[in-house]
Amino acid sequence: MADLLLRGNVILEEHQLLDGDVGDGFEAFVLGVLQEHRISKEVFAETLIALSRLRETIDHLDQLPP
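Going by my numbering, the first residue of the sequence shown is number 18, and it counts up by one from there.
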């Protein structure tokens with residue numbers, strides 16, 4: 018869900034739909050799925066941070082010579 022949220026936000030922003038009904042609906046969908054699976058917003062926020070760090074690490078590793 019963390020990856021879906023991040024990618025979805027990027028796509029919606031590219032199409033200038035992040036702010037408004039579409040963006041709000043997408044956020045409500047993600048939060049609804051989290052609630053359905055009893056995942057707290059705090060845990061999800063920690064997951065978003067961890068995913069960001071993981072992506073940064075992968076980017077650094079990709080820059081290392083073979």
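From the three backbone atoms N, C-alpha and C, an ideal C-beta is built for every residue, glycine too.
I need the DSSP call for residue i, collapsed to helix, strand or coil.
i	result
Gly-40	helix
Arg-72	helix
Gln-33	coil
Leu-81	coil
Arg-24	helix
Ile-66	helix
When we look at the beta-carbon of residue i and count the other beta-carbons within 10 Å, is it buried (16 or more) or exposed?
i	result
Leu-22	buried
Between residue i and residue j, is the Cβ-Cβ spacing less than 9 Å?
i	j	result
Leu-29	Phe-43	yes
Met-18	Val-39	no
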